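Trainee: Chains as they are written, first to last, in full-length UniProt numbering: chain A, 1 to 213; chain B, 1 to 213.
Could you have a look at this structure, given as structure tokens, before my questions?
Okay, structure coming up:
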């Protein structure tokens, strides 16, 4: 029975890591939809969010069943509860990429992001991508050292968001209020995606070291 | 032992309801700090968020201990897992009220919100207040009927947020980009506070009826 418990837990962790891959794809596609003003791709990301929610519901259901039937204690219990939390993080990241896609869709056929800001948004999306990838590997390998590096990437995300705000608030901003608001919200969405990746990594650190980061 | 289990669970639910009261206070005070450009009150809300986080950590710790020592099954297990999620909702609402306070603090001595928009922000804060209050009562009384009413309040919040966006995007907007961005983010923060209240209510509905709202 214990062996079966760990087998099932391993499957849940594998599915969590696979889901992180799906979410990475959603973030990348929503960014492409945004920068290319691609309505069809935006719709695909928005529709895909329901599929992500279904997968998260499924993982959650199985984690609860495992809790109920195997009644783990101590470290095993903590691991399962952490897993439930991380599923929640990935679900929110999926929501946030759908929010990015919705801003893209709202402005089609115009691009929501003025071209001088494409590099900043592309950098934020790349940092977010790298952070989700790192979080997935940290979960898969319980890699506490990589978790520390992830905090540096979070600082980079913070720097990019500040750059973005400086630009939209500068006297030389010439694109009007609407793109400024879109960009302020987009900056917040990418930043929150990064926050959830950090939160996943911190849960792993807590599981491994018993210390809250 | 079972009696002690339900006693401990009741205490956890009581603490969750009390925490909702604290969060309500934080939302109200951050709104006052925002509309009155009150730096001292803004600081108090920001400092108070750490206290909210400590309370949430404490509730979580006790819920985990109860899980580990009493190993509830079926409905009892679901209740405890739902409780852990609701603690997370309240923690995020606390964060969001600190975000409101930070916008207030950033613009002091100027008010972040131009006076024509005070009524809209005040209404959003009042709806948020009412939604947190309703969520707390729904948790305390497992009141599924009240949960349905909460969805109406969420529609009202949505309407207010749309109003706000229409105003800051209208041709007659004369307050510049900076307040527009502040307001877009504020709208998002109040809306998210309402979302978390809805999420708490839905978890109660799920516990009572077994159906996802």
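Using N, Cα and C, we set each Cβ at its ideal position, and we do this for glycine too.
Please read all numbers here as calculations on a predicted model, not as lab measurements.
I'd like the span of the alpha helix (DSSP H) that includes residue 143 of chain A, first residue to last.
Mentor: Careful: residue 143 of chain A lies outside any alpha helix (DSSP H) and carries neither H nor E.
Trainee: What does residue 214 of chain B touch in chain A if you count any residue whose Cβ is under 7 angstroms from its own?
Mentor: Absent from the structure is residue 214 of chain B, since the part of chain B shown begins at 1 and ends at 213.
Trainee: How far does the alpha helix (DSSP H) with residue 210 of chain A in it extend, from its first residue to its last?
Mentor: First-last for residue 210 of chain A: undefined, no H or E at that position.
Trainee: Which runs of the alpha helix (DSSP H), 4 residues or longer, sit entirely within the stretch 37-66 of chain B?
Mentor: You should have found no qualifying run.
Trainee: Let me know if residue 145 of chain B comes out buried or exposed under the rule of 16 or more other beta-carbons within 10 Å of its beta-carbon.
Mentor: Exposed, because fewer than 16 other Cβ atoms sit within 10 Å of the Cβ of residue 145 of chain B.
Trainee: Specify, as a first and last residue, the run of the alpha helix (DSSP H) that residue 97 of chain B falls within.
Mentor: From DSSP, the alpha helix (DSSP H) with residue 97 of chain B extends over 74-107.
Trainee: Quick one: list the residues of chain A neighbouring residue 188 of chain B, beta-carbon separation under 8 angstroms, in chain order.
Mentor: Per Cβ cutoff of 8 angstroms: 185 and 188.
Trainee: I want to verify the contact list: residues of chain B whose CB lies under 8 angstroms from the CB of residue 168 of chain A, in sequence order.
Mentor: The contacting residues are 177 and 181.
Trainee: Could you check whether residue 112 of chain A and residue 121 of chain A sit closer than 7 angstroms to each other, using their CB atoms as the reference points?
Mentor: Cβ atoms of residue 121 of chain A and residue 112 of chain A: not closer than 7 angstroms.
Trainee: Would you call the stretch 5-13 of chain A and the stretch 160-172 of chain A touching, i.e. three or more CB-CB distances under 8 angstroms?
Mentor: No, the stretch 5-13 of chain A is not in contact with the stretch 160-172 of chain A.
Trainee: Closest to residue 214 of chain A by CA distance: which of A:82, A:56, A:30 and A:93 is it?
Mentor: This structure cannot settle anything about residue 214 of chain A, because the visible part of chain A is limited to 1 through 213.
Trainee: Secondary structure at residue 184 of chain B, three-state DSSP: helix, strand or coil?
Mentor: Here residue 184 of chain B sits in helix by DSSP.
Trainee: Hey, is residue 71 of chain B's beta-carbon within less than 7 angstroms of any beta-carbon in chain A?
Mentor: Closer than 7 angstroms to some Cβ of chain A, the Cβ of residue 71 of chain B qualifies, so yes.
Trainee: Could you run through the stretch 76-89 of chain B and flag, in chain order, every residue whose CB is less than 8 angstroms away from some CB of chain A?
Mentor: Flagged, chain order: 77, 78, 81, 84, 85 and 88.
Trainee: Name the chain B residues whose beta carbon is nearer than 7 angstroms to that of residue 67 of chain A?
Mentor: Per Cβ cutoff of 7 angstroms: 77.
Trainee: Name the chain A residues whose beta carbon is nearer than 8 angstroms to that of residue 28 of chain B?
Mentor: In chain order: nothing, as chain A lies at least about 23 angstroms away.
Trainee: Given a limit of 9 angstroms on CB to CB distance, which residues of the stretch 131-146 of chain B reach chain A?
Mentor: Correct list: empty, as no residue qualifies.
Trainee: Counting pairs of Cβ atoms below 8 angstroms between the stretch 67-86 of chain B and the stretch 22-41 of chain B, do you hit three or more?
Mentor: Cβ pair count under 8 angstroms is below three, so no.
Trainee: Please state whether DSSP places residue 114 of chain A in a helix, a strand or coil.
Mentor: In this structure, residue 114 of chain A counts as coil in the three-state DSSP scheme.
Trainee: Buried or exposed, going by whether 16 or more other CB atoms sit within 10 Å of the CB of residue 48 of chain A?
Mentor: Buried.
Trainee: Please identify the residue among B:98, B:15 and B:123 whose C-alpha is closest to the C-alpha of residue 159 of chain B.
Mentor: Selected option, being the one with the closest Cα: B:123.
Trainee: Name the residues in the stretch 38-69 of chain A whose C-beta lies less than 7 angstroms from a C-beta of chain B; which are they?
Mentor: Within the stretch 38-69 of chain A, the qualifying residues are 64, 67 and 68.
Trainee: Judging by CA-CA distance, which residue of A:201, A:190, A:126 and A:40 is the nearest neighbour of residue 105 of chain A?
Mentor: If we check each option's Cα against that of residue 105 of chain A, A:40 comes out closest.
Trainee: Measuring straight from C-alpha to C-alpha, what distance separates residue 208 of chain A and residue 142 of chain A?
Mentor: Going from the Cα of residue 208 of chain A to the Cα of residue 142 of chain A covers about 7 angstroms.
Trainee: Check whether the stretch 173-181 of chain B and the stretch 148-158 of chain B are in contact - that is, three or more C-beta pairs closer than 8 angstroms.
Mentor: At 8 angstroms Cβ cutoff, the stretches do not touch.
Trainee: List, in order along the chain, the chain B residues whose C-beta lies closer than 7 angstroms to that of residue 74 of chain A?
Mentor: Ordered by position in chain B, the residues that pass the 7 angstroms Cβ test against residue 74 of chain A are 68.
Trainee: Using a Cβ-Cβ cut-off of 8 angstroms (strictly less than) and excluding sequence neighbours within five positions of residue 193 of chain A, which residues of its own chain qualify?
Mentor: Answer for residue 193 of chain A: 27, 93, 96, 97, 128, 131 and 132, listed in chain order.
Trainee: How big is the Cα-Cα spacing for residue 114 of chain B and residue 58 of chain B?
Mentor: Their backbone Cα atoms lie some 40 angstroms apart in a straight line.
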